[in-house]
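>
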Amino acid sequence: MEYRNFEVLVERARALPGKRRCVVAGAEDEHVLEAVLAAEKAGIIGLPVLTGNARHVAELVRSLGGAPDRCVLSDVPDGENPAQRAVELIASGAGDFLVKGRMDTKDLLKPVVDRANNLHTEDSPSGGLMSHLAFFQIPGVDRLVVVTDGGMVVYPDLNRKKGLILNAVTTLRAMGWERPRVAVLCAIEKLNPKMRETVEAAELTEMNRRGEIDGCIVEGPISYDVAMSPEIAAIKGYESENCGRFDVLLTPDMTAGNLLGKSLLVSAHAQLAGIVVGAKIPVVVTSRGSSAEEKFHSIALCAVASAPHLD
Numbered sequence: 147m148e149y150r151n152f153e154v155l156v157e158r159a160r161a162l163p164g165k166r167r168c169v170v171a172g173a174e175d176e177h178v179l180e181a182v183l184a185a186e187k188a189g190i191i192g193l194p195v196l197t198g199n200a201r202h203v204a205e206l207v208r209s210l211g212g213a214p215d216r217c218v219l220s221d222v223p224d225g226e227n228p229a230q231r232a233v234e235l236i237a238s239g240a241g242d243f244l245v246k247g248r249m250d251t252k253d254l255l256k257p258v259v260d261r262a263n264n265l266h267t268e269d270s271p272s273g274g275l276m277s278h279l280a281f282f283q284i285p286g287v288d289r290l291v292v293v294t295d296g297g298m299v300v301y302p303d304l305n306r307k308k309g310l311i312l313n314a315v316t317t318l319r320a321m322g323w324e325r326p327r328v329a330v331l332c333a334i335e336k337l338n339p340k341m342r343e344t345v346e347a348a349e350l351t352e353m354n355r356r357g358e359i360d361g362c363i364v365e366g367p368i369s370y371d372v373a374m375s376p377e378i379a380a381i382k383g384y385e386s387e388n389c390g391r392f393d394v395l396l397t398p399d400m401t402a403g404n405l406l407g408k409s410l411l412v413s414a415h416a417q418l419a420g421i422v423v424g425a426k427i428p429v430v431v432t433s434r435g436s437s438a439e440e441k442f443h444s445i446a447l448c449a450v451a452s453a454p455h456l457d
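Using the working numbering, the letters of the sequence shown map in sequence onto residues 147 to 457.
#1: Among all the DSSP beta bridges, which residues are the ones paired with F281?
#2: Can you tell me the Cβ-Cβ gap for I378 and A329, rounded? I've got them flagged as a contact below 8 Å.
#3: Report the start-end ranges of each beta strand (DSSP E) in the segment 187 to 228 that is 3 residues or longer and not cut off at the edges.
#4: Between V178 and the rest of its own chain, which residues show a CB-CB distance below 7 Å, the 5 nearest in sequence each way excluded?
#5: Note down the Cα distance separating A438 from G322, rounded to an integer number of angstroms.
#6: Rounded to a whole number of angstroms, what is the C-alpha to C-alpha distance between E352 and G273?
#7: Please name the residue in A229, A159, E349 whose C-alpha comes closest to that of A173.
#8: Out of curiosity, what's the CA-to-CA distance linking L193 and E365?
#9: Considering only DSSP beta bridges, list what A379 is partnered with.
#10: Kindly identify the DSSP beta-bridge partner or partners of P243.
#11: Of the residues G361, P257, A451, which one's Cα is nearest the Cα of A232?
#12: Between the alpha carbons of L456 and V195, how many angstroms are there, rounded?
#13: Please go through the same chain and pick out, in chain order, the residues whose beta-carbon is closer than 7 Å to the beta-carbon of Q283, but skip the five residues on each side of it.
#14: Helix, strand or coil for G366? Go by DSSP, reduced to three states.
#15: Can you check which of these residues, Y301, A240, L318, G383, is closest to E343 by C-alpha distance?
#16: Identify whether L396 lies in helix, strand or coil by the three-state DSSP scheme.
#17: According to DSSP, simplified to helix, strand and coil, what is R160?
#18: Quick check on the DSSP output: the beta strand (DSSP E) that includes R325 runs from which residue to which?
#19: Count the other CB atoms within 10 Å of the CB of M147; is the residue buried (16 or more) or exposed (fewer)?
#20: What did DSSP end up calling V299 once you bin it into helix, strand or coil?
#21: So, for A446: in the same chain, excluding its five sequence neighbours on each side, which residues have a beta-carbon less than 6 Å away from its beta-carbon?
#22: With respect to the alpha helix (DSSP H) encompassing A309, which residues constitute its N-terminal and C-terminal limits?
#23: Output the distance between the C-alpha atoms of P454 and S413, rounded to the nearest integer angstrom.
#24: Please determine, among D175, R167, E180, the residue with the shortest C-alpha to C-alpha distance to R434.
#25: Mind checking H202: buried by the 16 CB within 10 Å criterion, or exposed?
#26: Check the DSSP bridge columns for V429 and list the partner residues they point to.
#27: Just to check my reading of the structure: S452 and R261 have Cβ atoms closer than 8 Å, yes? What is that Cβ distance to the nearest angstrom?
#28: Within its chain, find whatever has a CB closer than 6 Å to the CB of L162; leave out the 5 residues flanking it on each side and keep chain order.
#29: On the premise that P214 lies in contact with V222, defined as a C-beta separation below 8 Å, what is that separation, rounded to the nearest angstrom?
#30: Among D360, M341, K426, which residue has its Cα nearest to the Cα of I236?
#31: Given a cut-off of 8 Å, decide if G403 and G296 are closer than it, judged by their beta-carbon atoms.
#32: Could you name the residues of the same chain whose beta carbon sits closer than 7 Å to that of G241, not counting the 5 residues immediately before and after it, in chain order?
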């Protein structure tokens, strides 16, 4: 399965045999509701479950041209965490993935990682590590490119970088990628003992060769320009058929991932969809400043990522 752009992703979500069900935590957010209503209208999701102040949420739905009876409203009293209600609903089978509304990310994820809610698991390939996957549609690039991790894991060590790769590969394979290509980004393409990230990149590549990280191709250390451009790779004498074809870009730390992502958005005019993975369900976590379009694409992404079987 090739995802060349977000249109392909949306069509994939629309074609799923059963409509996925999203649960919004803190639904008193205009852009989130706009995206959720658009996703339901487009046939990407079933009737959305909206937690929060039911009266305010219903008013917002009407103001956006929606019908409250096309939503499932779950009223949450003041002082209670709507994410806890949302997680309980998902755990009971009322939803397939979680969407962040008007609330802080830490409050959203707290009940997700609470073992009492049975959504966090250490049996996953990454050992329960939760991470952020940012899918970018970049002008001039013929495929969606995933950057990880620019939002969750601040300073990953070697073991966590392995977990970040496994989370990304598990998600992409579930979505239909046959064998994702992963570039472990560094400033240079050679191992330098004074640059820890190059040493770890080489170790991750070796883990892949040994089969410890399987179902994918891992290459590193490799710089961004070489990973993305076969022409630059040829000029620099870097021989790899994967240059210009990598699906996943693993950054050395969260700051690097965040800077790369914002550079793509602001300077390259890329489009973004992002989700948090590593729990039993994927989570849409976008910033409050994100557009309704970004949230819409993130919902479509979550719908596809949460589908049980894709071929």
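Think of the CB as a built atom: it goes at the ideal place given N, C-alpha and C, for glycine as much as any other residue.
Remember, it's a predicted structure, so these values are computed and weren't measured experimentally.
From the atom records:
#1: The residue you call residue 281 lines up with position 135 of the sequence shown. Beta-bridge pairing links F281 to V292, A419.
#2: As a working mapping, residue 378 is identified with position 232 in the sequence shown. As a working mapping, residue 329 is identified with position 183 in the sequence shown. That pair is no contact at about 13 Å.
#3: 195 to 198, 218 to 221
#4: On the sequence shown, position 32 is the one that residue 178 refers to. Answer for V178: V170, V245, G247, K441, listed in chain order.
#5: The count along the sequence shown starts at 1 and reaches residue 438 at position 292. The count along the sequence shown starts at 1 and reaches residue 322 at position 176. One C-alpha to the other measures close to 26 Å.
#6: Numbered from 1 along the sequence shown, position 206 holds the residue referred to as residue 352. Numbered from 1 along the sequence shown, position 127 holds the residue referred to as residue 273. C-alpha separation (whole angstroms): 20 Å.
#7: Residue numbering aside, residue 173 sits at position 27 when the sequence shown is read from its first letter. Here the closest residue by C-alpha is A229.
#8: Looking up residue 193 in the sequence shown gives position 47. Looking up residue 365 in the sequence shown gives position 219. Cα to Cα, L193 sits roughly 42 Å from E365.
#9: Stepping through the sequence shown from its first residue, residue 379 is reached at position 233. None, per the DSSP bridge assignment.
#10: Translated into the one-based positions of the sequence shown, residue 243 becomes position 97. Reading off the sequence, residue 243 comes out as Phe, not Pro. DSSP, once it has assigned bridges, lists C168 as partnering F243.
#11: For the purposes of this step, residue 232 is taken as residue 86 along the sequence shown, with counting starting at 1. Residue P257 is the option with its Cα nearest to A232.
#12: Within the sequence shown, the letter at position 310 stands for residue 456. Within the sequence shown, the letter at position 49 stands for residue 195. Annotation note: pLDDT 48 at L456 (below 50); position unreliable, coordinate value reported separately. Approximately 24 Å, taken between the alpha carbons.
#13: Numbered from its first residue, the sequence shown carries residue 283 at position 137. Closer than 7 Å at Cβ, skipping near neighbours: N151, F152, L290, A416, Q417.
#14: Counting from 1 along the sequence shown, the entry for residue 366 is found at position 220. DSSP places G366 in strand when its eight states are reduced to three.
#15: The residue you call residue 343 lines up with position 197 of the sequence shown. Among Y301, A240, L318, G383, the Cα nearest to that of E343 is on Y301.
#16: Within the sequence shown, the letter at position 250 stands for residue 396. L396 falls in the strand class under three-state DSSP.
#17: Stepping through the sequence shown from its first residue, residue 160 is reached at position 14. Helix.
#18: Along the sequence shown, one-based indexing puts residue 325 at 179. It is not in any beta strand (DSSP E) - R325 carries neither H nor E in the DSSP assignment.
#19: If you number the sequence shown from 1, residue 147 lands on position 1. By the 10 Å Cβ count, M147 comes out exposed.
#20: In the sequence shown, residue 299 corresponds to position 153, counting from 1. V299: coil per DSSP, three-state reduction.
#21: Against the sequence shown, residue 446 aligns to sequence position 300. Closer than 6 Å at the Cβ level, and outside the excluded window around A446, lie L155, V156, A159, I190.
#22: In the sequence shown, residue 309 corresponds to position 163, counting from 1. Per the sequence shown, the amino acid found at residue 309 is Gly instead of Ala. Run containing G309: 304 to 321, per the alpha helix (DSSP H) assignment.
#23: Sequence index remark: in the sequence shown, residue 454 carries index 308 (1-based). Sequence index remark: in the sequence shown, residue 413 carries index 267 (1-based). Approximately 36 Å, taken between the alpha carbons.
#24: Start at 1 with the first residue of the sequence shown, and residue 434 comes out as number 288. It is D175 whose Cα lies nearest to the Cα of R434.
#25: Stepping through the sequence shown from its first residue, residue 202 is reached at position 56. Burial call: exposed.
#26: In the sequence shown, counting from the first residue as 1, residue 429 sits at position 283. For V429, which the question treats as bridged, DSSP gives the partners L244, V422.
#27: The residue given as residue 452 occupies position 306 in the sequence shown. The residue given as residue 261 occupies position 115 in the sequence shown. That pair is no contact at about 21 Å.
#28: As a working mapping, residue 162 is identified with position 16 in the sequence shown. Counting only Cβ-Cβ distances below 6 Å, and skipping sequence neighbours, we find A453.
#29: As a first step, residue 222 is located in the sequence shown; it is residue number 76 there, counting from the start. As a first step, residue 214 is located in the sequence shown; it is residue number 68 there, counting from the start. In fact, because the Cβ distance is near 16 Å, the residues do not count as touching under 8 Å.
#30: As a first step, residue 236 must be located in the sequence shown, where it is residue number 90. Nearest of D360, M341, K426 to I236, Cα basis: K426.
#31: Residue 296 sits at position 150 when you count from the first residue of the sequence shown. Residue 403 sits at position 257 when you count from the first residue of the sequence shown. Cβ distance < 8 Å, so G296 and G403 count as in contact.
#32: Stepping through the sequence shown from its first residue, residue 241 is reached at position 95. Within the same chain, G241 has close Cβ partners R167, C168, V169, V195, L235.
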